[in-house]
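Student:
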Amino acid sequence: MRRSTLRTWFLDPATRMNPNLNFAQGIPCKTDGRGIGIIEFSYTFTQVLDAVAILSAGAPGWSRADSAGLKSWSGNFLTWLRTSQNGRDEAAQPNNHGTFYDMLTAGIALYTGQKALARQIVQGARSSRIDKQIDGNGSQPQEAIRTRSYHYFTFNLVAMTRLAAIGKHVGVDLWAYRTPAGGSLFKAVDFLIPAATGGVSHWPYQELVFTQYAALDSLHAAADAGDRAARAALPHVPVPPGGDLYPVRPAAEQLDDISLTP
């Protein structure tokens with residue numbers, strides 16, 4: 000990411016955005032903005048923080064003042080996420096929206112040095128997200144009802160695996176967690192394997208635009224965490240155009256596009 004872009008969006012008083020998403024997913028004549036619009040920013044902003052971590056390791060032209068300024072902006076944004084009505088609305092969402100909210104707030108908390116808060120968020124995700132979103136067989140009932148169910152299964156797991164990666168930095172192992180019903184992140188990833196390796200005929204729910212490789216990064220993340228079934232499945236999953244880039248990414252990414260929905 001270009002340093003000038005970061006300064007324009009987050010540091011320069013003349014051009015930077017305000018540290019809120021008050022107008023996210025605004026609808027003319029209906030609402031100025033709504034909580035469910037936060038997800039449009041949550042995934043991409045955590046990618047920004049990944050890029051900033053690289054710059055902060057000593058990249059020429061990225062100064063300590065730049066780092067301090069972005070941490071200040073991020074801290075103010077985190078306060079808005081946790082105290083605004085839109086933020087509270089998104090936190091209460093029972094599906095992928097809530098998971099991405101936790102990923103975003105935990106990621107910012109870790110970046111801004113609030114490790115206790117990051118740990119609290121990741122720990123809370125065990126009961127508020129994994130318990131409520133993953134069945135004993137690994138299915139995700141909140142996402143199964145959608146017309147793009149395979150997309151949303153993989154999308155939600157991108158957030159969960161990234162949240163698990165944050166957990167490693169604060170002493171919380173989400174991969175090891177088992178729900179009272181027997182569900183887990185491992186089971187949720189393994190639920191994808193038949194379709195990821197065998198195609199849409201092996202997917203039990205509706206999917207209008209099936210993209211087989213959408214599960215690839217989640218399978219990689221699970222394999223890295225010790226999932227033998229995921230490791231064995233990886234050679235049999237098609238790779239996206241441009242190849243399998245997981246080995247050079249800091250964390251899992253979403254590989255298909257919701258905008259392709261007819």
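Numbering (numbering that gives the first Met the number 0) for the sequence shown: 0 to 261.
Glycine is no exception: its CB is placed at the ideal position from the N, C-alpha and C atoms.
Bear in mind the structure is a predicted one, so any value in this text is a computation, not a measurement.
1. CB Phe99 to CB Ser41, shorter than 7 Å?
2. If I follow the unbroken alpha helix (DSSP H) through Phe76, where does it start and stop?
3. Work out the CA separation of Lys114 and Ala231 for me, nearest whole Å.
4. Can you tell me which of the three DSSP states Thr210 falls into?
5. With DSSP run on the structure shown, which of helix, strand or coil describes Ile133?
6. With H, G and I counted as helix, E and B as strand and the rest as coil, what does DSSP make of Tyr30?
7. For the region 147–232, list the beta strand (DSSP E) runs that are entirely contained and at least 3 residues long, ordered along the chain.
8. Measure the CB-CB distance between Phe185 and Asp216 and report whether it falls below 7 Å.
9. Quick check: Thr196 and Val238, are their CB atoms within less than 7 Å of each other?
10. Ignore the nearest five residues each way along the sequence and tell me which others in Val171's own chain have a CB closer than 7 Å to its CB.
11. Quick one: is Asn17 buried, meaning 16 or more other Cβ sit within 10 Å of its Cβ, or exposed?
12. Measure the alpha-carbon distance for Gly36 versus Ala180 and round it to whole angstroms.
13. Between Arg63 and His201, what straight-line distance do the alpha-carbon atoms span, to the nearest angstrom?
14. The alpha helix (DSSP H) with Ala117 in it runs from where to where?
15. Quick one: what's got a C-beta closer than 7 Å to Ala228's C-beta in the same chain, skipping five residues either side?
16. With DSSP run on the structure shown, which of helix, strand or coil describes Arg6?
17. Please work out which residues of its chain come closer than 7 Å, Cβ to Cβ, to Ala213, disregarding the five sequence neighbours upstream and downstream, and give them in chain order.
18. Alpha carbon to alpha carbon, how far is Phe9 from Gln132? Give it in angstroms, no decimals.
19. Let me know if Val51 comes out buried or exposed under the rule of 16 or more other beta-carbons within 10 Å of its beta-carbon.
20. If you measure between the beta carbons of Ala251 and Tyr204, is that distance less than 7 Å?
21. Exposed or buried, which one is Ala164 when buried takes at least 16 other CB atoms within 10 Å?
22. Between Gly60 and Arg2, how many whole angstroms is the CB-CB distance? I'm expecting something under 8 Å.
23. What do you get for Arg248, buried or exposed, if any count of 16 or more other CB atoms within 10 angstroms of its CB means buried?
24. Could you compute how far the alpha carbon of Val208 sits from the alpha carbon of Leu259?
25. Closest by CA to Thr160, which one among Arg145, Thr146, Ala220?
26. Counting along the chain, where does the alpha helix (DSSP H) carrying His96 start and finish?
Tutor: On the basis of the data shown:
1. Taking 7 Å as the Cβ cut-off, Phe99 and Ser41 qualify as a contacting pair.
2. Looking at the DSSP string, the run of the alpha helix (DSSP H) that includes Phe76 is 63–82.
3. Each residue's Cα considered, the two are about 35 Å apart.
4. If DSSP states are grouped into helix, strand and coil, Thr210 belongs with coil.
5. It is coil, neither helix nor strand.
6. Correcting the residue type first, residue 30 is Thr in the shown sequence and not Tyr. Residue state, collapsed to three classes: strand.
7. Runs of the beta strand (DSSP E) inside the region 147–232: none found.
8. No, these two residues do not count as a Cβ contact at 7 Å.
9. The Cβ atoms of Thr196 and Val238 lie no closer than 7 Å to each other.
10. Arg118, Val121, Gln122, listed in sequence order.
11. Exposed is the call here.
12. Straight-line spacing of the CA atoms in Gly36 and Ala180 works out to 31 Å.
13. Looking at the two C-alpha atoms, the distance is approximately 51 Å.
14. Its alpha helix (DSSP H) spans residues 114–124.
15. Take Ala228, set aside five residues on each side of it, and the residues of its chain with a beta-carbon closer than 7 Å to its own are Asp189, Ile192, in chain order.
16. In this structure, Arg6 counts as helix in the three-state DSSP scheme.
17. Excluding residues within five positions, the ones whose Cβ falls inside 7 Å are Tyr149, His150, Thr153, Leu254, Asp255.
18. Approximately 34 Å between the Cα atoms of the pair.
19. Under the 10 Å beta carbon count, Val51 is surrounded by 16 or more other beta carbons and is classified as buried.
20. For Ala251 and Tyr204, no; Cβs fall outside 7 Å.
21. Around the beta carbon of Ala164, 16 or more other beta carbons lie within 10 angstroms, which makes this residue buried.
22. Taking 8 Å as the upper bound for CB-CB distance, Gly60 and Arg2 are in contact here, some 5 Å apart.
23. Within a 10 Å sphere around the beta-carbon of Arg248 sit fewer than 16 other beta-carbons, which makes this residue exposed.
24. About 7 Å.
25. Cα-wise, what sits closest to Thr160 is Ala220.
26. Unbroken alpha helix (DSSP H) run through His96: 95–110.
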